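Protein chains in written order, with this note's numbering: chain L, 180 to 534; chain U, 2 to 512.
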């Protein structure tokens with residue numbers, strides 16, 4: 180049965196256990212990025228306290244990665260069921276447009292009640308959009324890439340309708356807190372994203388959702404015969420992906436206090452897929468790693484900041500992303516791993532001499 | 002058929018063909034002779050080596066030993082193209098044509114008439130129409146192939162084979178997805194080709210069709226040759242027992258037999274199917290299963306035994322008849338509905354429909370139970386460990402490591418894990434489709450013992466196996482399947498022997 184899968188590379192001792200861990204290379208990439216930045220600008224890692232909040236590049240990374248963290252969280256679960264969700268960027272745009280349009284037309288934009296209502300409406304709508312995707316995939320049986328392509332294309336149009344083609348801007352201090360505020364010295368956006376991430380990680384392992392999602396992703400027909408309600412599971416993960424994208428949209432909109440139907444969350448679906456892949460979850464579905472996705476998101480956020488930091492034009496950021504992704508995926512590929520392991524085995528005496 | 006054909010030279014003569022795959026001898030010294038103007042049936046159970054032999058003849062596999070003579074000259078084909086060049090054409094079960102091209106394009110593909118280097122489309126369509134006419138097929142050559150039924154597509158595939166002037170035509174399970182009228186039409190074409198002198202090799206699981214169309218047959222078993230027979234000279238009963246072989250003596254030793262003295266059929270049945278059926282899958286049948294009763298389904302592969310199991314388990318949806326579970330009408334729309342009624346089903350396709358390979362043994366065992374509880378109510382870890390430990394010990398699962406990935410276990414142990422998955426849900430009816438296929442003798446005996454034990458404790462069991470001895474030993478009652486129909490039902494006892502069942506499978510209890 181196991182003839183097709185290559186045996187794990189036998190690298191000697193504890194070092195082998197560490198390097199063969201799925202998170203090893205992603206973490207190495209993250210550390211290397213941080214190191215490169217520190218070499219270029221020694222003050223990169225320093226964090227200072229300014230006006231009662233923490234301040235510095237690491238904090239920037241943690242704040243900037245919040246929307247991607249949420250989107251990638253939903254994407255991981257969707258990919259684990261053999262699906263993919265291309266519509267997350269469109270949902271980001273719609274959620275921002277709805278919330279800001281509601282606040283803009285409300286009589287009291289600064290009132291907490293107004294802001295909470297706006298957030299509530301946007302989240303419910305995002306959840307419904309996720310439910311729609313899930314319906315197409317699990318009930319109608321449309322391929323996930325096609326099903327979500329529909330909303331990906333239509334979504335920005337819907338956002339345009341909501342904002343009536345304008346970039347809606349508002350002034351509302353309570354709403355601004357979500358994206359730009361601080362609490363206990365940390366960015367609110369980070370706290371929200373990490374909180375949701377932690378909650379979902381906890382839930383997938385504390386309930387049976389994680390196992391059932393994996394079972395459906397690994398072998399849908401066996402799962403069906405085992406009585407797993409695959410339809411409900413798939414539907415649930417798409418709904419969650421919608422909800423989390425909506426929350427990401429709110430954070431993005433709050434950060435700039437503007438709803439830009441055309442550009443909000445543009446290409447975030449690709450970044451999210453990248454983060455999932457870097458984190459070691461296979462696009463073929465099945466086993467997923469939320470901690471891997473977490474590291475993947477941090478890598479992408481750090482990379483974006485690195486480009487700015489090095490004074491390179493943001494226009495070439497995609498190239499750098501591509502290079503890092505290529506390096507990490509290569510390092511994770513079974514073929515390369517085997518080659519590396521062979522090299523390590525061939526030189527045991529030298530490594531002993533060093534130790 | 003005249004007897005002079007035995008003296009005529011065969012078009013194809015394969016002698017002593019052996020093919021070995023790593024660790025498996027797929028064919029061992031097999032002979033096959035195909036005569037012009039004859040339909041030759043290749044018979045054998047699943048795994049007997051039929052497809053391997055066909056692939057040896059068509060050049061898909063190279064042979065390790067033996068000789069292939071085509072038209073008296075030795076040939077060694079290194080690919081299907083070469084075999085085709087030698088006049089051997091194959092039509093596979095799954096029609097391998099291009100549905101999006103026209104009928105004419107499919108027939109003439111690669112052999113289009115050309116003018117000044119470009120394809121002459123008019124001539125292409127005309128030639129295609131001529132070939133269709135010889136088949137008695139009245140369809141528009143310019144219509145797209147996908148718009149026609151599978152039966153017509155199959156005939157088109159045969160037309161295509163005839164374009165290259167094939168001397169040998171191999172039909173691999175051509176009738177498996179055809180209805181009776183379509184089969185009749187296909188056979189007309191086959192007979193016409195036979196009369197033109199083509200040698201036809203016909204592979205089918207349908208015994209009746211083989212007797213209807215073939216002149217001669219070769220029987221294989223476990224990669225070896227059983228013999229070549231003239232169809233008129235071998236009875237259906239003889240054929241079936243040659244296909245399945247007889248190893249009764251060995252298996253009697255195991256001495257796992259359900260207690261036939263107990264008659265569980267006295268009370269109300271746990272499950273009662275009346276006229277249950279599904280179009281294109283299995284004809285309507287009646288079947289009762291009582292608590293504590295083992296009902297065996299006997300029949301050859303493709304006889305409909307798996308289809309019956311799938312209907313009872315909600316894996317397929319019935320479109321005819323009624324089903325009562327514990328006296329209450331039940332419509333099983335999906336497996337979940339069956340599981341909710343305490344019916345568990347272990348599929349014959351362990352790999353595709355049972356094993357969740359990348360999950361651990363522990364997760365695989367509790368999967369059914371957890372699915373029943375829903376994702377919100379996770380089984381407490383302590384309870385999981387208890388269940389998993391109990392079944393690993395009770396069924397002797399090796400390695401006894403709950404954290405091992407299931408795909409790393411042997412077939413027999415995977416099967417035990419799947420049994421554990423179902424037993425953990427405490428079913429009242431257990432449907433086992435080929436639970437002992439492809440596992441070693443020791444594990445086989447353990448599973449048989451388990452089935453007998455479960456039944457004695459009041460569980461109803463539907464037991465399906467290609468090995469009749471096994472069915473006979475375990476079942477209280479045996480339903481015999483043939484050509485997608487339930488043809489007979491007999492109460493098992495000391496007086497019932499293997500021959501009786503073989504006889505029923507062969508004759509269908511109609512004589």
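Yeah, the Cβ is synthetic: ideal placement off N, Cα and C, and Gly gets one too.
Since the model is a prediction, treat every value here as computed from it, not as a measurement.
- At a cut-off of 8 Å between beta-carbon atoms, residue 359 (chain U) makes contact with chain L.
- Annotation: Cβ neighbours of residue 393 (chain L) in chain U (cutoff 9 Å, chain order): 357, 359, 360 and 364.
- Annotation: residue 220 (chain U) to residue 196 (chain U) spans about 24 Å, alpha carbon to alpha carbon.
- Contact holds between the stretch 51–61 of chain U and the stretch 6–20 of chain U, because three or more Cβ pairs, one in each stretch, are under 8 Å apart.
- Exclusion of the five residues before and after residue 305 (chain U) leaves 283, 482 and 485 as the residues of its chain whose Cβ lies within less than 6 Å of its Cβ.
- The alpha-carbon separation between residue 235 (chain L) and residue 228 (chain L) amounts to approximately 9 Å.
- The C-alpha of residue 320 (chain U) is placed about 10 Å away from the C-alpha of residue 276 (chain U).
- DSSP lists no bridge partner for residue 327 (chain U).
- Contacts between residue 397 (chain L) and chain U, judged by CB atoms closer than 7 Å, involve 357, 358, 359 and 360 in chain order.
- As summarised for the stretch 196–222 of chain U, the continuous alpha helix (DSSP H) elements at least 4 residues long and confined to that stretch are 208–214, given in chain order.
- Going by C-alpha positions, residue 257 (chain L) is about 43 Å away from residue 292 (chain U).
- For residue 416 (chain U), the uninterrupted alpha helix (DSSP H) segment begins and ends at 412–424.
- For residue 262 (chain L), not one C-beta of chain U is nearer than 8 Å to its own C-beta.
- Annotated three-state conformation of residue 456 (chain U) is helix, per DSSP.
- Using beta-carbon distances, residue 466 (chain L) counts as an interface residue toward chain U, with a partner under 8 Å.
- In terms of Cβ geometry, residue 310 (chain L) and residue 421 (chain L) form a close pair [threshold 8 Å].
- As the crow flies, the alpha-carbon of residue 271 (chain U) is around 8 Å from that of residue 289 (chain U).
- The beta carbon of residue 172 (chain U) lies closer than 6 Å to those of 92 and 203 in the same chain, with the five residues before and after it left out.
- Nearest neighbour of residue 393 (chain L) by Cα position, chosen from U:350, U:376, U:343 and U:101, turns out to be U:376.
- When the five nearest sequence neighbours on each side are left out, the beta carbons in the same chain lying within less than 7 Å of the beta carbon of residue 401 (chain U) are those of 393, in order along the chain.
- In the structure shown, residue 235 (chain U) adopts coil according to DSSP, grouped into three states.
- Bridge pairing for residue 41 (chain U): U:202 and U:217 [DSSP].
- Taking each of U:215, U:194 and U:279 in turn and checking the Cα distance to residue 231 (chain U), the smallest one comes out for U:215.
- Here residue 292 (chain U) carries a coil assignment [DSSP, helix/strand/coil].
- Under the three-state reduction of DSSP output, residue 428 (chain U) falls in the coil class, being neither helix nor strand.
- In this structure, U:210 is the residue among U:177, U:210, U:179 and U:180 with its C-alpha nearest to the C-alpha of residue 192 (chain U).
- Contact between residue 368 (chain U) and residue 422 (chain U) holds, with the beta-carbon distance rounding to 6 Å and staying under 8 Å.
- Restricted to the stretch 391–433 of chain L, the alpha helix (DSSP H) segments that are unbroken, complete and at least 4 residues in length are 399–404, listed in chain order.
- Between residue 492 (chain U) and residue 478 (chain U), the C-beta gap is smaller than 8 Å, which places the two residues in contact.
- Residue contact check for residue 464 (chain U) against chain L: no CB pair falls below 8 Å.
- Taking C-beta atoms as the reference points, residue 386 (chain L) and residue 379 (chain U) count as a pair closer than 8 Å.
- Counting every other CB atom within 10 Å of its CB across the protein chains shown gives residue 281 (chain L) a total of 16 or more, marking it as buried.
- For the pair residue 288 (chain L) and residue 429 (chain L), the Cα-to-Cα distance works out to about 15 Å.
- Distance from residue 245 (chain U) to residue 46 (chain U) at the Cβ level is roughly 6 Å; contact confirmed, criterion being Cβ atoms closer than 8 Å.
- In the three-state reduction of the DSSP assignment, residue 362 (chain L) falls in the strand class, which pools E and B.
- The contact set of residue 346 (chain U) on chain L, defined by CB atoms closer than 7 Å, consists of 404 in chain order.
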